[in-house]
Amino acid sequence: MSKIRLGVMGGTFDPIHFGHLVAASEAASAFDLDKVLFVPTGEPWQKQEITSSAHRVEMTRLAIAGNSLFDISTIDVDRSGPTYTVDTLRDIHTAYPAADVFFITGADSISQIDTWKDSEQIWPLANFVGVTRPGHSLEVPKSARGEVSLLEIPALAISSTDIRARVKAGKPIDYLLPNAVIDYIHAKHLYQGTK
Ligand code: NAP
Numbered sequence: 140m141s142k143i144r145l146g147v148m149g150g151t152f153d154p155i156h157f158g159h160l161v162a163a164s165e166a167a168s169a170f171d172l173d174k175v176l177f178v179p180t181g182e183p184w185q186k187q188e189i190t191s192s193a194h195r196v197e198m199t200r201l202a203i204a205g206n207s208l209f210d211i212s213t214i215d216v217d218r219s220g221p222t223y224t225v226d227t228l229r230d231i232h233t234a235y236p237a238a239d240v241f242f243i244t245g246a247d248s249i250s251q252i253d254t255w256k257d258s259e260q261i262w263p264l265a266n267f268v269g270v271t272r273p274g275h276s277l278e279v280p281k282s283a284r285g286e287v288s289l290l291e292i293p294a295l296a297i298s299s300t301d302i303r304a305r306v307k308a309g310k311p312i313d314y315l316l317p318n319a320v321i322d323y324i325h326a327k328h329l330y331q332g333t334k
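For the sequence shown, the residue numbers in my numbering are 140 to 334.
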């Protein structure tokens, strides 16, 4: 029996937007993936002031609804303490022992892997797919000891930071993210204060 090819899309998703969804779809096509699991981060150890994981998980659920290739995993928000990718990937291997894992995330994040906890143990646990925004060059970490692939995603010109700033300034966010997520942001009054 052939191994399942599993994409693991890690991100803060604050909020999730069409750039993330296109990136997952493109990665699935490029690497012939059977499924892409969206894994919202719990408490990112290098950041502060992010929206609660309950809101980020719900927005992710709404965004992927209806796509049978996509699913969500709450392993990172369910684990207490800061989110470390080494734990994410170990937990994924426990849940999917027969999977070939492709960890997909922003290229800026992939280029930082050397600074992450137990970085030397991370490499053997997955193939790495760094998705880039147009015009952003990308460097594969010199110490990369595994498979790192780069994929340029034009739709990633959309950014979560920009969406948050637009909401705060009262500007429209239509066509940048799914309507169900836009409705949720407005209903819960997200991004109207600081950040
Ligand atoms: P981030 O700072 O939110 O994202 C960095 C950049 O990548 C941003 O430009 C972001 O765009 C983009 N991005 C993030 N996730 C993406 C995705 N899945 N697809 C496309 N673009 C994406 O980084 P992060 O979200 O906190 O972390 C990304 C992943 O790396 C998570 O799984 C996290 O747990 C892991 N990580 C691990 C460690 C560690 O083990 N020590 C440290 C840092 C990160 P947007 O702003 O538009 O989303």
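Even for Gly, the Cβ is constructed at its ideal location relative to N, Cα and C.
Buried or exposed (CB count within 10 angstroms, at least 16 for buried), Ser-212: Against the sequence shown, residue 212 aligns to sequence position 73. The residue is buried, with at least 16 neighbouring Cβ atoms inside 10 Å.
Whole-number beta carbon distance between Pro-179 and Ile-302, since they are thought to touch under 8 Å: The residue you call residue 302 lines up with position 163 of the sequence shown. The residue you call residue 179 lines up with position 40 of the sequence shown. About 16 Å; that fails the 8 Å criterion.
For Gly-181 and Arg-218, believed in contact at Cβ under 8 Å, the rounded distance: Locating residue 218 in the sequence shown gives position 79, counting from the first residue. Locating residue 181 in the sequence shown gives position 42, counting from the first residue. So it is a contact: roughly 6 Å between Cβ atoms.
Pocket of ligand 1 (residues with CB nearer than 5 Å to any heavy atom), chain order: Met-148, Gly-149, Gly-150, Thr-151, His-159, Ala-162, Thr-180, Pro-183, Thr-222, Tyr-223, Thr-224, Thr-244, Gly-245, Asp-247, Ser-248, Trp-255, Lys-256, Val-270, Ser-298 and Ser-299
Of the listed residues Arg-200, Arg-144, Lys-174 and Ser-192, nearest to His-156 (C-alpha basis): One-based indexing of the sequence shown puts residue 156 at position 17. It is Arg-200 whose Cα lies nearest to the Cα of His-156.
Phe-289 - containing beta strand (DSSP E), residue span: The sequence position of residue 289 within the sequence shown is 150, counting from 1. Before going on, a small fix: residue 289 reads as Leu here, not Phe. Element bounds for Leu-289: 287–291.
C-beta atoms of Val-196 and Val-175 nearer than 8 Å: As a working note, residue 196 is residue 57 in the sequence shown. As a working note, residue 175 is residue 36 in the sequence shown. Not a contact, by the Cβ cut-off of 8 Å.
Delimiting residues of the beta strand (DSSP E) encompassing Leu-176: The residue labelled residue 176 in the question sits at position 37 within the sequence shown. Where Leu-176 is concerned, the enclosing beta strand (DSSP E) stretches over 174–179.
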